[in-house]
Amino acid sequence: MAYRRVAIVGAGITKFVRRAQETGKELAFQAAKMALDSCGLTMKDIECVSLGTAPDAFDGVHMKGEYLSDGSGGWRKPYMRHFVGGGTGVFAPIHGWFHVASGMFDTCLVVCSEKMSSCHPHPQGAFKTIFDHTTEQPLNPTLIWIFALEMNRYMQTYGITKEEIALVSVKNKKNAMDHPSAQLPMEITVEDVLNSEVLAWPVNRLDISPASDGAAAIVLASEHVAKRITDKPVWIDGVGWNLDTAYWATRDLAYPRYVEKAARMAYEMAGIKEPQKEIEIAEPYDPFDYKELHHMEGLLLADRGKAVEMLLDGKTQRDGDRPMCPSGGALGVGNPIAATGLMKVIEIFLQLRGEAGKRQVPGNPRCGLAQAWGDLMQVGTVVVLRR
Amino acid sequence: MRERVAIAGVGYTAFTSVSPGVSYRELTYEAAVKAYEEAGVEPKDVDSFVCTSEDFLEGYSISDEYCNDQLGAVLKPVQTIPGDFMHSLAVGVMHILTGKFDIVVVQALSKASNMKTIPEMINFALDPVLNRPLDVTPYAVAGLEMNRFLVEGRATREQCAAVVVKNKANALLNPLAGYGASVTVDQVLESEPVAEPVHLLDIAPYADGAVVMVLCSERLASSLTDKPVWITGIGWSTDSPTLESRDWVDAVAVKLAGDMAYRMAGIKCPAKEIDLAEVNDEISFKELQHLEALRLFDEGTAGKATEDGKTSLEGTLPVNTSGGGLGVGHLFECSGAQKVLELVLQLRGEAGARQVAGAGVGVAQAWRGIPSTSAAVAVLCAD
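The listed protein sequences derive, respectively, from chains P and Y. Residue numbers for the first sequence follow the numbering used here, beginning at 23 and rising by one. Residue numbers for the second sequence follow the numbering used here, beginning at 23 and rising by one.
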């Protein structure tokens, strides 16, 4: 094993809100400062900075990485931006991992910032420009259409009902009531979800996460440095990412094979043979409620078509056998695209350290996973964390 | 001593002012096929892919989604860097240095001819509150910066024009270059003023093209290629994004990136140890500014050295033998790729009529262009 072990030693998240007063730069700064303060470091101790944010169309700023560089602490440092669509937030620690694991740097500040509300009247307008300009944009599709297709396909294939899927939204929005950054913490019922406005059947408004502004940041350190900074490092033991074809009409919509590929890559690196037994807590990406179930299967945390049984049995509740999205997820905490994934990584970091407060799951978990997804339903990013 | 990373194969298209016969995806495909063929690999052998793209330039939001099909990278680990190709190259190097990845493919492309309003689009890179309302051409930023460089006495107007003369002449010897020409200093000075003191011929014209490179670990290099080119040092850095707070005379980011790359490559005295350089020359004076930031010439001497022919093909330190941005064309995020490509060809002795005799160590440098302050530098050497 030639690579160096990499630890997360500090983390910070801003509040996730709709229409933040702060600029994207300021959100990035707040999260970066919180992360540094949490482990007693300053920018002087940071050797390089990695930024995750996408797309530029939200802010209407070309080369948004340049624009956010000062707020992210990149001034006169090796500073680089990366993105893999909606998978960016969980890819962020992976990108930071290269920096440190390669031996090039001992410390790396990873910042994810997203300000969606600059996009008027709604960020869905920006999402229209993600489609192929020749074959798809002339149809004038919205992002929700293709998720409606996928959700419908998933329900049809495995005989899952809307009532069952709505339980994910109920669970996550309730979990978010204990998250200080949360934008949409709510106590709702399955009926509330079913009775909310239909956006593109079978997707109703309460099946979807909100548009958000927010930022998150973590500090990474190599093994020998991490031990000087904290006595509770959380190790990035496995990383995986994968991109499926851009021609989404040719994909298997009932099963996210790119998530499976990413998960297998991370599991192999972390030496995980039986994910259902070894991954004690997870934050699968849940911008739509069905995606939590869909992703649990792609992550091999549930058998195909069976994630819903774990949900119905209460196993994915915070006090269940296999807690999923104890943070409240994108559905409850909010979904400032790139920052959401990093929020999930931070949740696992806090849970493994036993510092998740009211959200703390029982049983002192030792091994957890965070995952994100995006683009045209085609990218999967996974990290496995251990204390 | 760190393991070295090898460039085992390069694939590229010609760099042309327009490319109506192919889409941006086909440009990448053409380059990718050539690179795989040269390294004798197939996409299934590749451990990870690093693509370079910037949303507004590609005309898509989250343009990373359209990176993989034409590379044969479906259901493979693919990531995207919005930066210059050389930032992606740095990521590829980091991948291999972790020891987890043996073969990494790095890609960049430019389809500048698809963009109808390039200056307006570049203006979207200015701070939306503080700078964009000025509604000036982005070349005004270059004009201010060039003026500062001249006012500080770092070069004369004629010395800047000499860069254009040299690079466009070099480009005549490069079959890939789209803007080779025999021009004189007077012709540069008398060309249309764009934003004083920047004139039309001081500016690198836009071009289309794609480059794909196959990188591999030292362990695998001998099985993939007989003529590896080694990346012995790589560095990158970013200065202030706001116009108000940046250094207007020195390319600070280039200096920091260069120092990082030299440190990694164990280079103490660049002016003595480097045989040739490919530096960003998007505006004529930038070549001089960048050469000084890279410590290849002392402050205020690069202009004179250019006039004296020291940076010409036959000079003591040939610079932009390919023709640079002025002769090959400005390729947006693919610009750095063209520079690394030229060094690879030179270090392998495959540069034809523009071959520099005895080229052993080269440095390539990228700048992300107006109005950014990001730079990357790579030190390459022949076996």
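Just so it is clear, CB atoms sit at the ideal spot from N, CA and C, and this is done for glycine as well. All of these numbers come straight from a predicted model, not from anything done at the bench.
For a test of the three-state rule: what should DSSP assign to residue i, helix, strand or coil?
i, result
"Trp263 of chain P", "strand"
"Trp389 of chain Y", "strand"
"Leu318 of chain Y", "coil"
"Ile144 of chain Y", "helix"
"Val334 of chain Y", "The question names Val, but residue 334 of chain Y is Ser in the sequence shown. Correct three-state label for Ser334 of chain Y: coil."
"Phe354 of chain Y", "helix"
"Ala379 of chain Y", "coil"
"Phe127 of chain P", "coil"
"Leu246 of chain Y", "helix"
"Ile187 of chain P", "helix"
"Met85 of chain P", "coil"
"Ala29 of chain P", "strand"
"Gln298 of chain P", "helix"
"Ala229 of chain Y", "coil"
"Tyr269 of chain P", "coil"
Got a sec? Which residues, its chain only, sit under 7 Å from residue i by beta carbon, not counting five neighbours each side?
i, result
"Pro219 of chain Y", "Gly165, Met168, Asn169, Leu172, Arg179"
"Phe123 of chain Y", "Asp69, Ser70, His117"
"Arg227 of chain P", "Ser218, Glu219, Leu221"
"Tyr82 of chain Y", "Tyr88"
"Asn194 of chain P", "Asp308, Cys347, Gly350, Gly351, Leu353, Gly354"
"Ala13 of chain Y", "The structure shown does not extend to residue 13 of chain Y, since chain Y is modelled only from 23 to 405, so the question has no answer here."
"Glu174 of chain Y", "Val271"
"Cys61 of chain P", "Val31, Gly32, Val241, Ile251, Thr252"
In the DSSP assignment, what are the bridge partners of residue i?
i, result
"Asn226 of chain P", "P:Val220"
"Gly384 of chain Y", "Y:Leu298, Y:Leu402"
"Phe107 of chain Y", "In DSSP, Phe107 of chain Y forms no bridge with anything."
"Val103 of chain P", "It is Arg, not Val, that sits at residue 103 of chain P in the sequence shown. DSSP, once it has assigned bridges, lists P:Leu73 as partnering Arg103 of chain P."
"Ser259 of chain Y", "Y:Ala397"
"Ser239 of chain Y", "Y:Val27"
"Thr323 of chain Y", "Thr323 of chain Y pairs with nothing; no bridge assigned."
"Pro278 of chain P", "Bridge partners of Pro278 of chain P: none, in fact."
"Ile166 of chain P", "In DSSP, Ile166 of chain P forms no bridge with anything."
"Asp67 of chain Y", "Bridge partners of Asp67 of chain Y: none, in fact."
"His221 of chain Y", "Y:Pro215"
Just reading off the beta strand (DSSP E) that residue i is part of, what are its end residues?
i, result
"Ile368 of chain P", "No beta strand (DSSP E) contains Ile368 of chain P, which is instead part of the alpha helix (DSSP H) from 359-375."
"Arg408 of chain P", "401-408"
"Ser132 of chain Y", "125-133"
"Ala243 of chain P", "235-244"
"Phe71 of chain Y", "70-74"
"Val216 of chain Y", "215-217"
"Ala304 of chain P", "303-305"
Between which residues of its own chain and residue i is the CB-CB distance below 6 Å, once the five residues before and five after are set aside?
i, result
"Glu314 of chain Y", "Glu321, Ala324"
"Arg41 of chain P", "Ser139"
"Val234 of chain Y", "Gly33, Ala53, Ala54, Ala57, Gln129"
"Val210 of chain Y", "Ala183, Val186, Leu223"
"Met23 of chain P", "Caution applies to Met23 of chain P, whose pLDDT of 49 falls short of 50 and renders its modelled position unreliable; the model cannot decide the point."
"Gly346 of chain Y", "Asn189, Asp303"
"Thr362 of chain P", "Gly111, Ala352"
"Glu302 of chain P", "Pro387, Cys389"
"Gly94 of chain Y", "Pro65"
"Ala198 of chain P", "Ala204, Pro207, Gly350, Gly354, Val355"
"Lys380 of chain P", "Asp200"
Residue i lies in the alpha helix (DSSP H); which residues open and close that run?
i, result
"Lys47 of chain P", "46-60"
"Asp92 of chain P", "Asp92 of chain P -> no alpha helix (DSSP H), and no H or E assigned at all."
"Ala394 of chain P", "Taken as a continuous stretch (DSSP letters only), Ala394 of chain P belongs to no alpha helix (DSSP H), being part of the beta strand (DSSP E) at 389-396."
"Val163 of chain Y", "160-173"
"Ala191 of chain Y", "179-193"
"Tyr58 of chain Y", "46-61"
Relative to the ligand NAP, is the shortest distance from any of its heavy atoms to the C-beta of residue i smaller than 7 Å?
i, result
"Glu304 of chain Y", "This structure does not include the ligand NAP; it has no bound ligands of any sort."
Can at least three beta-carbon pairs, one atom from the segment 140-160 of chain Y and one from the segment 57-69 of chain Y, be found at a separation below 8 Å?
no
contact_flag[the segment 67-75 of chain P, the segment 109-121 of chain P] where n(CB pairs < 8 Å) is 3 or more
Three or more pairs of CB atoms, one per stretch, sit closer than 8 Å, so the segment 67-75 of chain P contacts the segment 109-121 of chain P.
At a cut of 8 Å, does the segment 394-409 of chain P reach the segment 219-238 of chain Y through at least three beta carbon pairs?
no
Three or more C-beta pairs under 8 Å: does that hold for the segment 387-406 of chain P against the segment 92-107 of chain P?
yes
Three or more C-beta pairs below 8 Å linking the segment 301-315 of chain Y and the segment 385-401 of chain Y
yes
Quick check: the segment 343-360 of chain Y against the segment 182-195 of chain Y, are at least 3 beta-carbon pairs closer than 8 Å?
yes
Three Cβ pairs or more, each shorter than 8 Å: is that satisfied between the segment 307-325 of chain P and the segment 181-190 of chain P?
yes
Are the segment 356-363 of chain P and the segment 159-178 of chain P touching by the rule of at least three beta carbon pairs closer than 8 Å?
no
At least 3 beta-carbon pairs within less than 8 Å: the segment 127-141 of chain P vs the segment 85-94 of chain P
yes
At a cut of 8 Å, does the segment 47-54 of chain P reach the segment 34-52 of chain Y through at least three beta carbon pairs?
no
Could you check whether the segment 79-86 of chain P touches the segment 127-147 of chain Y, counting it as contact only if at least three pairs of C-beta atoms, one from each stretch, sit closer than 8 Å?
They touch, by the three-pair rule.
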